[in-house]
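Quick note: the sequence shown uses the UniProt record's numbering, first residue 1, plus one each step.
C-beta: ideal position from N, C-alpha, C; glycine also.
Owing to the predicted nature of the structure, the values given are computational and were not obtained by experimental measurement.
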Amino acid sequence: LDGRIKTLHPAVHGGILARRDQQRHMDDLKNHGIGTFDVVVVNLYPFYQKVSSSSGISFEDGVENIDIGGPAMIRAAAKNHKDVLVVVDSTDYPALLGYLQAEGNNGEGLRRKFAWKAFQHVASYDSTVAEWFWKQLGREEFPPSLTVPLSIKSPLRYGENPHQKAAFYADESLCEVDAGGIATAVQHHGKEMSYNNYLDADAAWNCVSEFKNPTCVIVKHTNPCGVASRSDTLEAYRLAVRADPVSAFGGIVAFNIEVNEDLAKEIREFRSPIDGETRMFYEIVVAPKYTEKGLEILKGKSKNLRILEAKVNKSGKRSLRQVGGGWLLQDSDDYTPEDIEFGIVSERSPQESEISDARFAWLCVKHVKSNAIVIAKNKCMLGMGSGQPNRVESLRIALRKAGDEVRSAALASDAFFPFAWKDAVEEACAAGVGVIAEPGGSIRDKDAIDCCN
1 LDGRIKTLHP AVHGGILARR DQQRHMDDLK NHGIGTFDVV VVNLYPFYQK VSSSSGISFE
61 DGVENIDIGG PAMIRAAAKN HKDVLVVVDS TDYPALLGYL QAEGNNGEGL RRKFAWKAFQ
121 HVASYDSTVA EWFWKQLGRE EFPPSLTVPL SIKSPLRYGE NPHQKAAFYA DESLCEVDAG
181 GIATAVQHHG KEMSYNNYLD ADAAWNCVSE FKNPTCVIVK HTNPCGVASR SDTLEAYRLA
241 VRADPVSAFG GIVAFNIEVN EDLAKEIREF RSPIDGETRM FYEIVVAPKY TEKGLEILKG
301 KSKNLRILEA KVNKSGKRSL RQVGGGWLLQ DSDDYTPEDI EFGIVSERSP QESEISDARF
361 AWLCVKHVKS NAIVIAKNKC MLGMGSGQPN RVESLRIALR KAGDEVRSAA LASDAFFPFA
421 WKDAVEEACA AGVGVIAEPG GSIRDKDAID CCN
């Protein structure tokens, strides 16, 4: 059948599944001339790599790359793990060899561990096939059931707090095709990543990856506290730090372009704008690429500085978030300002420069925790307010950070303004904000428009 049946045969599965402690089983094997297997090692067809190849693959070819005999042998061996060792991971070969070479070791614990790993491996493989089939159906609604194939990337020293245990798991299917993002980033230098490091690095990388022009993003506790876009990346870095030098200290610095020798020197030597003396300290620097000299210079900043090289996240996967007893699933927020046509609802039409700043601020505020306000001018964040229970408090924080530069600046809000007069809109106008970008949808939208007019 064109190779569809190779190992699906009693001579194979009988030798795997037969229980050695059951004489009846052994007699059956002898009567049929079947020998036993002590070890089963299987490498499954690389299904996800095939269906995710850049050259594309037809549905028929995708189906032909689904392994049938391999998973069947794995499951059979895992079921009979008492008598058969099953290995599905090449990193386990040394442990297997050590066991086989040892004398008088029944290895029950190792056998069970390998069996557990085998069932996990097959379950992950099947979930990947099922997800691909769902996509081929062209179904836009969410699937009736969901399995996410994850594999441990590294244990972590602790979680969000020292008393919490933690580990980092990566999406197997995405890692196999190098889909980008922090999970597949290469660490060139520094201490091992912590739980909070991963959260912050992910936030910084997701934010900076959205900008088309050379951009620097600085993140602290998952919020961007400094963002600037410039053709001169050194200037972008300086402006991003100056947006909030207090928060930038100890933060994560991300670039969407290569870090060269000059930029690396600037990062290493830059002094805090607060006192002009203290060198800026960072937990992580992440960029898509480093020159050899640039990487060498950054390594000299600190033995603990984590230096990550990441690729733009192009997974296109949906977003999962855990709640008590379940998970929330939504489409990834891939919208950019270019996807949205701003509607001009005020009497005065903003200038092109104001529209440009509004789009920049809108892209920044997308990555700030709600209630979120961002004030920006000349493609540079001036002030940010985040996480406040009411929008007016977030505005006041952003205004305080922006200072006198707020005049004629653009303001972006991640949600509508529930009130305008004697509230956030009026305060923003009184401070001198030149243009406001917000999604609207309030029953008092007209009040906000009237207030701006």
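Classify residue i as helix, strand or coil using the three-state DSSP reduction.
| i | result |
| --- | --- |
| Ile252 | strand |
| Asp21 | coil |
| Glu426 | helix |
| Lys153 | strand |
| Val345 | coil |
| Tyr237 | helix |
| Phe168 | strand |
| Arg279 | strand |
| Ala420 | coil |
| Ser247 | helix |
| Val368 | coil |
| Ser229 | strand |
| Gln49 | helix |
| His13 | helix |
| Tyr158 | coil |
| Phe211 | coil |
| Ser356 | helix |
| Glu192 | coil |
| Ser394 | helix |
| Lys401 | helix |
| Asn453 | coil |
| Leu363 | helix |
Within the same chain, show all residues whose beta-carbon is closer than 7 angstroms to that of residue i, passing over the 5 residues directly before and after it, in chain order.
| i | result |
| --- | --- |
| Phe37 | Gly15, Ile16 and Val84 |
| Ala376 | Asp357, Phe360, Ala361, Cys364, Leu382, Ala409 and Ala410 |
| Ile57 | Lys50 and Val51 |
| Gly441 | Phe416 |
| Thr278 | Arg271 and Ser272 |
| Ile182 | Tyr198, Ala201, Asp202, Trp205 and Ala310 |
| His367 | Ala203, Asn206, Cys207 and Pro224 |
| Ala166 | Leu156, Tyr158, Gly159 and Tyr195 |
| Gly107 | Tyr99 |
| Ser394 | Asn371, Ala372, Ile373, Gly385, Ser386 and Gln388 |
How long is the line joining the alpha carbons of residue i and residue j, rounded to whole angstroms?
| i | j | result |
| --- | --- | --- |
| Ile297 | Thr291 | 10 angstroms |
| residue 465 | Ile68 | Nothing about residue 465 can be read from this structure; the chain reaches only from 1 to 453. |
| Phe59 | Leu329 | 27 angstroms |
| Asn390 | Lys369 | 12 angstroms |
| Phe211 | Gly300 | 29 angstroms |
| Ile252 | Leu100 | 48 angstroms |
| Glu309 | Lys289 | 6 angstroms |
| Ser124 | His221 | 33 angstroms |
| Phe255 | Leu305 | 16 angstroms |
| Ser272 | Ala248 | 9 angstroms |
| Tyr45 | Asp61 | 13 angstroms |
| Met193 | Cys207 | 19 angstroms |
| Ser346 | Ala437 | 11 angstroms |
| Ala428 | Val435 | 9 angstroms |
| Ala236 | Ser349 | 29 angstroms |
| Lys265 | Lys153 | 32 angstroms |
| His188 | Val259 | 13 angstroms |
| Asp331 | Ile344 | 28 angstroms |
| Leu41 | Leu110 | The displayed chain sequence assigns Val, not Leu, to residue 41. Going by the C-alpha atoms only, they are around 15 angstroms apart. |
| Ala228 | Leu239 | 6 angstroms |
| Glu131 | Arg4 | 22 angstroms |
| Val374 | Gln388 | 13 angstroms |
| Thr215 | Asp333 | 20 angstroms |
| Leu8 | Ala76 | 11 angstroms |
| Phe168 | Ser209 | 22 angstroms |
| Asn43 | Val88 | 6 angstroms |
| Lys191 | Ala78 | 38 angstroms |
| Leu263 | Ile307 | 14 angstroms |
Who pairs with residue i in a beta bridge, going by DSSP?
| i | result |
| --- | --- |
| Pro224 | Val219 |
| Val41 | Val87 |
| Trp327 | Gln322 |
| Val374 | Met384 and Ala412 |
| Leu308 | Gln187 and Val286 |
| Ile182 | The partner list for Ile182 (beta bridge, DSSP) is empty, contrary to what the question assumes. |
| Ser145 | Bridge partners of Ser145: none, in fact. |
| Arg271 | Arg279 |
| Val435 | Ala410 |
| Ser302 | None; Ser302 has no bridge partner. |
| Ala259 | For clarity, residue 259 is Val in the given sequence; the question names Ala instead. Bridge partners of Val259: Tyr290. |
Given residue i, which residues of its chain have a CB within under 6 angstroms of its CB, disregarding the five upstream and five downstream residues?
| i | result |
| --- | --- |
| Ala243 | Gly226 and Met381 |
| Val425 | Phe417, Ala448 and Cys451 |
Ignoring anything shorter than 3 residues, give me the beta strand (DSSP E) runs that lie fully in the region 55 to 143, in order along the chain.
As for any beta strand (DSSP E) of minimum length 3 sitting wholly inside the region 55 to 143, the runs are 85 to 87, ordered along the chain.
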